[in-house]
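Enquirer:
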Amino acid sequence: MTAIKTLHILNKSPDHPRAAKCLEMVSREDGLLLIGGGVLFLAAAKLPDAGKLFALSPDADARGLGHLTGNASAVDFNGMVALSLQAQRVISW
Amino acid sequence: MAETASVTFTLVITGAPYSSQAPQTALGFAQAAVDAGHRIDRVFLYGDGVHLASALCAPPSDETNWSEAWSQFLADHSVPGVACIASALRRGLVNETEQKRYELPAANLRAPFEIAGLGEWVEGRIKSTRTLYFHAGD
Amino acid sequence: MSTLIMIDQPPYGAWTGREALDMAFSLAAFDQPASLLFTGAGVNWLRQAQEAGGIGQKSVEKNLSAAPIFGIEAILADRSACNTYGLDENSLIEGVTLVDADAVLLTNYDHTAFAG
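Protein chains in written order, with our numbering: chain A, 1 to 93; chain B, 1001 to 1138; chain C, 2001 to 2116.
(1) Excluding the five sequence neighbours on either side, which residues of its own chain have a C-beta within less than 7 angstroms of the C-beta of Ser1054(B), listed in chain order?
(2) So does the segment 2095-2103 of chain C actually touch the segment 1127-1137 of chain B, counting three or more Cβ pairs closer than 8 angstroms?
(3) Do you know offhand how far Glu1003(B)'s Cα is from His1038(B)'s?
(4) Beta-carbon within less than 7 angstroms of Val2043(C)'s beta-carbon, same chain only, minus the 5 sequence neighbours each way: which residues are those?
(5) What are the uninterrupted segments assigned as alpha helix (DSSP H) that are 4 or more residues long and contained completely in the segment 1044-1105 of chain B, given in chain order?
(6) Give the interface partners of Asp2008(C) over in chain A, defined as CB-CB distance under 8 angstroms, in chain order.
(7) For Phe2030(C), which of helix, strand or coil comes out of DSSP?
(8) Is Ser84(A) close to chain C, meaning its C-beta is less than 7 angstroms from at least one C-beta of that chain?
(9) Comparing alpha-carbon positions, which option in Gln1024(B), Glu1096(B), Val1012(B) and Gly1124(B) lies nearest Thr1064(B)?
(10) Buried or exposed: Met1001(B), going by 16 or more other Cβ atoms within 10 Å of its Cβ?
(11) Would you say Arg89(A) lies against chain C (beta-carbon separation less than 7 angstroms)?
(12) So which residues on chain C does Thr69(A) lean against when the C-beta distance must stay under 8 angstroms?
(13) Would you please state the rounded distance, in angstroms, between the beta carbons of Ala2034(C) and Glu2073(C)? I believe it to be under 8 angstroms.
(14) Quick one: is Tyr2109(C) buried, meaning 16 or more other Cβ sit within 10 Å of its Cβ, or exposed?
(15) Please name the residue, chosen from Thr1010(B), Gly1028(B), His1051(B) and Ile1040(B), that lies closest to Asn1095(B) on a Cα-to-Cα basis.
(16) Checking contacts by CB at 7 angstroms: is Val81(A) closer than that to chain B?
(17) Can you name, in chain order, every residue of its own chain whose Cβ lies under 6 angstroms from the Cβ of Gln88(A), other than the five neighbours on each side?
(18) Rounded to whole angstroms, what's the CA-CA distance from Ile2007(C) to Trp1121(B)? Just pull it up for me.
(19) So the beta strand (DSSP E) Gly79(A) belongs to, where does it begin and stop?
(20) Pick from Ala62(A), Arg63(A), Gly38(A) and Asp61(A): whose alpha carbon is nearest that of Leu53(A)?
(21) For Gln2009(C) and Gly36(A), I'd like the C-alpha separation in whole angstroms.
(22) Does any C-beta atom of chain B lie closer than 7 angstroms to the C-beta of Glu2073(C)?
(23) May I have the straight-line CA-CA distance separating Ala2049(C) from Lys2062(C), to the nearest angstrom?
(24) Is Ala39(A) helix, strand or coil by DSSP?
(25) Is the separation between the beta-carbon of Gly1124(B) and that of Asp1048(B) shorter than 7 angstroms?
(26) Please compile the residues from chain C whose C-beta is within a distance smaller than 9 angstroms of the C-beta of Ser13(A).
(27) Among all the DSSP beta bridges, which residues are the ones paired with Glu2125(C)?
(28) Ala43(A) and Leu32(A): beta carbons closer than 7 angstroms?
(29) Under the rule that 16 or more other beta-carbon atoms within 10 Å means buried, what is Ser1006(B), buried or exposed?
(30) Looking at Ala1036(B) and the ligand FAD, is the gap between the Cβ and the nearest heavy atom below 6 angstroms?
(31) Cβ of Leu1011(B) within 7 angstroms of Cβ of Val1043(B)?
(32) Determine the DSSP secondary structure at Val1012(B), reduced to helix, strand or coil.
(33) How about Leu68(A) and Ala55(A): do their beta carbons lie closer than 7 angstroms?
(34) I'd like the list of long-range same chain contacts for Ala2041(C), defined as Cβ closer than 6 angstroms, with 5 residues on each side in sequence excluded.
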């Protein structure tokens, strides 16, 4: 498993201004975990360009996007806990 | 049964129940952290997140009562739940001490939540392995 | 243990900005290094000559001016957001440092947080 410098946890939908800023501040060494409305990025034409992309499966499932993970890896809450510890730092957007 | 887990979390909830998903996402995370053998050092309610500590939420019976669910979790795992005093007083969340101090007609803080200052967040942020925030979405 | 508090919501319409300031001041009060970063519409907190009496609020301009006295390390503002909102050295309050809010900036802090 490659190291994650910063884990960005994004719960804003693609149209939210904070989502745009988050994507600007993600580097290739970072991880991006989509939760809440953030999982709607899975339905967008272009997936965010992060080093590693994850989506919280209960949130994706709730929005009918459970099957649409593209190059995003699905994680459950156990996975979210593990990712938050694996990264050097965590930012909740 | 001494809990000797070295990994600790401070969870900060800033989104209110029923106007955001923040309290339920935070609860899912907290439950998973405890299941993995980690310790939740404290839960800090800030801004609109203080509404989670209301004893007066009465959602329809087929909806989850997030205030009740969180109180149960805090009690089951002996996790301190702290509502920021400045956020709480502005938004009408008071315990009996504050009720008397400000001569208010009622107190509405749900046990085991407590009211304290931002110093609780600062301490959690210093001591915990990770401090995570659960904000409102859109 | 340096902390960056980010503010991206515009002033007066929401309380989040004020509560973000309280977080930074609280860190400083406990001798923890803290800086503020204003991005997006949040940069409008930094405009000179705010008169909030007419809407029944207190201007935060004075609080921000006092930030260095209370031990806040830096007040940073995203350069491109300042351009968007017509903020330059003539219209910004004193003591603001313009930066590019990017991935590199974040690596200077071991903790970054929003108030809500």
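Just so you know, even glycine gets a beta-carbon here, dropped at the ideal spot from N, CA and C. All of these numbers come straight from a predicted model, not from anything done at the bench.
Expert: On the basis of the coordinates in this document:
(1) As a working note, residue 1054(B) is residue 54 in the second sequence. Taken in chain order, the residues that qualify are Ser1067, Leu1093, Asn1108 and Arg1110.
(2) The segment 2095-2103 of chain C is not in contact with the segment 1127-1137 of chain B.
(3) Counting from one through the second sequence, the residue named residue 1003(B) turns up at place 3. Counting from one through the second sequence, the residue named residue 1038(B) turns up at place 38. For Glu1003(B), the predicted structure reports a pLDDT of 48, less than 50, and the residue's modelled location is therefore unreliable. The matter cannot be settled from this model.
(4) Reading the third sequence from its first residue, position 43 is the one you call residue 2043(C). Only Ala2077, Asp2078, Ala2081, Cys2082, Tyr2085 and Leu2087 meet the Cβ criterion.
(5) Within the segment 1044-1105 of chain B, the runs of alpha helix (DSSP H) at least 4 residues long that lie entirely inside it are, in chain order, 1066-1076, 1085-1090 and 1096-1101.
(6) In the third sequence, the residue the question calls residue 2008(C) occupies position 8. Here the neighbours are Pro17, Arg18 and Lys21.
(7) For the purposes of this step, residue 2030(C) is identified with residue 30 of the third sequence, where counting begins at 1. If DSSP states are grouped into helix, strand and coil, Phe2030(C) belongs with coil.
(8) By one-based count along the first sequence, residue 84(A) stands at place 84. No, because no Cβ of chain C sits closer than 7 angstroms to the Cβ of Ser84(A).
(9) Within the second sequence, numbered from 1, the residue matching residue 1064(B) stands at position 64. Between Thr1064(B) and the set Gln1024(B), Glu1096(B), Val1012(B) and Gly1124(B), the nearest pair of CA atoms involves Gln1024(B).
(10) Along the second sequence, one-based indexing puts residue 1001(B) at 1. Here the model assigns Met1001(B) a pLDDT of 40, short of 50, so the residue's position is not dependable, and the following value carries that caveat. By the 10 Å Cβ count, Met1001(B) comes out exposed.
(11) As a position in the first sequence, residue 89(A) is number 89, starting the count at 1. So, interface residue.
(12) Taking the first residue of the first sequence as position 1, residue 69(A) is located at position 69. None at all; the shortest Cβ gap to chain C is about 24 angstroms.
(13) Position 34 of the third sequence, counted from the start, is the residue given in the question as residue 2034(C). Position 73 of the third sequence, counted from the start, is the residue given in the question as residue 2073(C). The pair is a contact, with the Cβ atoms about 6 angstroms apart (cut-off 8 angstroms).
(14) Numbered from 1 along the third sequence, position 109 holds the residue referred to as residue 2109(C). The C-beta of Tyr2109(C) has 16 or more other C-beta atoms within 10 Å across all chains shown, which makes the residue buried.
(15) As a position in the second sequence, residue 1095(B) is number 95, starting the count at 1. It is His1051(B).
(16) For the purposes of this step, residue 81(A) is identified with residue 81 of the first sequence, where counting begins at 1. Answer yes: the Cβ-Cβ gap between Val81(A) and chain B drops below 7 angstroms somewhere.
(17) Locating residue 88(A) in the first sequence gives position 88, counting from the first residue. Within the same chain, Gln88(A) has close Cβ partners Lys5.
(18) For the purposes of this step, residue 2007(C) is taken as residue 7 along the third sequence, with counting starting at 1. For the purposes of this step, residue 1121(B) is taken as residue 121 along the second sequence, with counting starting at 1. Each residue's alpha carbon lies about 18 angstroms from the other.
(19) Start at 1 with the first residue of the first sequence, and residue 79(A) comes out as number 79. In this chain, Gly79(A) is not harboured by any beta strand (DSSP E); it is covered by the alpha helix (DSSP H) spanning Phe77 to Gln86.
(20) Position 53 of the first sequence, counting from 1, holds the residue named residue 53(A). For the options Ala62(A), Arg63(A), Gly38(A) and Asp61(A), the alpha carbon positioned closest to that of Leu53(A) is the one of Gly38(A).
(21) Locating residue 2009(C) in the third sequence gives position 9, where the first residue counts as 1. Locating residue 36(A) in the first sequence gives position 36, where the first residue counts as 1. Going by the C-alpha atoms only, they are around 20 angstroms apart.
(22) The sequence position of residue 2073(C) within the third sequence is 73, counting from 1. Not one chain B Cβ lies under 7 angstroms of Glu2073(C).
(23) Numbered from 1 along the third sequence, position 49 holds the residue referred to as residue 2049(C). Numbered from 1 along the third sequence, position 62 holds the residue referred to as residue 2062(C). Distance between the alpha carbons of Ala2049(C) and Lys2062(C): 10 angstroms.
(24) In the first sequence, residue 39(A) corresponds to position 39, counting from 1. Note that residue 39(A) is Val in the sequence shown, not Ala. DSSP places Val39(A) in helix when its eight states are reduced to three.
(25) Position 124 of the second sequence, counted from the first residue, corresponds to residue 1124(B). Position 48 of the second sequence, counted from the first residue, corresponds to residue 1048(B). Their beta carbons are not under 7 angstroms apart, which means Gly1124(B) does not touch Asp1048(B) by this criterion.
(26) The residue given as residue 13(A) occupies position 13 in the first sequence. Neighbours of Ser13(A) in chain C, taken as residues whose beta carbon is under 9 angstroms from its own, are absent, since the nearest beta carbon is some 15 angstroms off.
(27) Outside the shown range of chain C (2001 to 2116) lies residue 2125(C), about which nothing can therefore be said.
(28) To locate residue 43(A), count along the first sequence from 1; it is residue 43. To locate residue 32(A), count along the first sequence from 1; it is residue 32. Contact flag unset, no.
(29) Along the second sequence, one-based indexing puts residue 1006(B) at 6. The residue in question, Ser1006(B), is exposed, as its Cβ has fewer than 16 Cβ neighbours within 10 Å.
(30) This structure lacks the ligand FAD, and indeed carries no ligand of any kind.
(31) Residue numbering aside, residue 1011(B) sits at position 11 when the second sequence is read from its first letter. Residue numbering aside, residue 1043(B) sits at position 43 when the second sequence is read from its first letter. In contact: Leu1011(B) and Val1043(B) (Cβ atoms closer than 7 angstroms).
(32) Start at 1 with the first residue of the second sequence, and residue 1012(B) comes out as number 12. DSSP, reduced to helix, strand and coil, places Val1012(B) within a strand of the structure shown.
(33) Residue numbering aside, residue 68(A) sits at position 68 when the first sequence is read from its first letter. Residue numbering aside, residue 55(A) sits at position 55 when the first sequence is read from its first letter. No. Outside cutoff.
(34) Here residue 2041(C) corresponds to residue number 41 of the third sequence, with the count starting at 1. So the qualifying residues of the chain are Pro2010.
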